[in-house]
Amino acid sequence: EYGRYACAWVARWDADTDETRRVAAAGQIGDALRDDHGALLERWPGRALPDAAALQVTGVESAHEPPPWFAPARAAGWHVAAIPFARDGQVLGTLNLYSRDPADVESSTWPTLEEMGLDMSFALDNQVREQARAAAVEALRASEQRLQALTA
993 EYGRYACAWV
1003 ARWDADTDET
1013 RRVAAAGQIG
1023 DALRDDHGAL
1033 LERWPGRALP
1043 DAAALQVTGV
1053 ESAHEPPPWF
1063 APARAAGWHV
1073 AAIPFARDGQ
1083 VLGTLNLYSR
1093 DPADVESSTW
1103 PTLEEMGLDM
1113 SFALDNQVRE
1123 QARAAAVEAL
1133 RASEQRLQAL
1143 TA
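Going left to right, the sequence shown walks through residues 993 to 1144 as the working numbering numbers them.
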């Protein structure tokens, strides 16, 4: 709403099905995620990015093998940056930012976008740690209750 990007969407890769699925979208999505036949894409085979093994932003124009949603988006005049995010070091998917201005996704913007990806990854890791902590606290409570029951 306030930034220079016209739309954004989140892709999540499912290792079990080897499919990428769009899980959220905002902004002027328009034709950004349509296939060559005009259908709005929800899923497609393979990862959101072919080499999403590292937390590095990719200007999709520069990707060796662009993902299937890229050609229709580029034909519609979009320029795209994909920001990978991870949990426990495993890339889960990407936040994809679209702009009509190629300067918005050029490599000079990538350090800031990479920081966003690291922040998202930190939040996901923190969520896992908090869930583990809460489970440990609950297990401790249950153990204390059993001990009190035995000594009462």
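C-beta: ideal position from N, C-alpha, C; glycine also.
Pair within 9 Å by beta-carbon distance, residue i and residue j
| i | j | result |
| --- | --- | --- |
| G1019 | I1075 | no |
| A1000 | R1092 | no |
| D1080 | V1015 | no |
| L1116 | F1077 | yes |
| Y1090 | A1065 | yes |
Bridge partners - residue i, DSSP secondary structure assignment
| i | result |
| --- | --- |
| G1019 | C999 |
| V1072 | Y1090 |
| G1085 | R1004, F1077 |
Close beta carbons around residue i, own chain, < 8 Å, minus the five adjacent residues each side
| i | result |
| --- | --- |
| A1144 | none |
Residue nearest to residue i in terms of C-alpha spacing, selected from the options
| i | options | result |
| --- | --- | --- |
| P1103 | A1124, A1073, A1141 | A1073 |
Nonlocal neighbours in the same chain, by C-beta distance under 6 Å from residue i, ignoring five residues either side
| i | result |
| --- | --- |
| T1009 | none |
Report yes or no: do the region 1088–1107 and the region 1127–1139 share at least 3 C-beta pairs separated by less than 8 Å? no
Counting pairs of Cβ atoms below 8 Å between the region 1001–1009 and the region 1075–1088, do you hit three or more? yes
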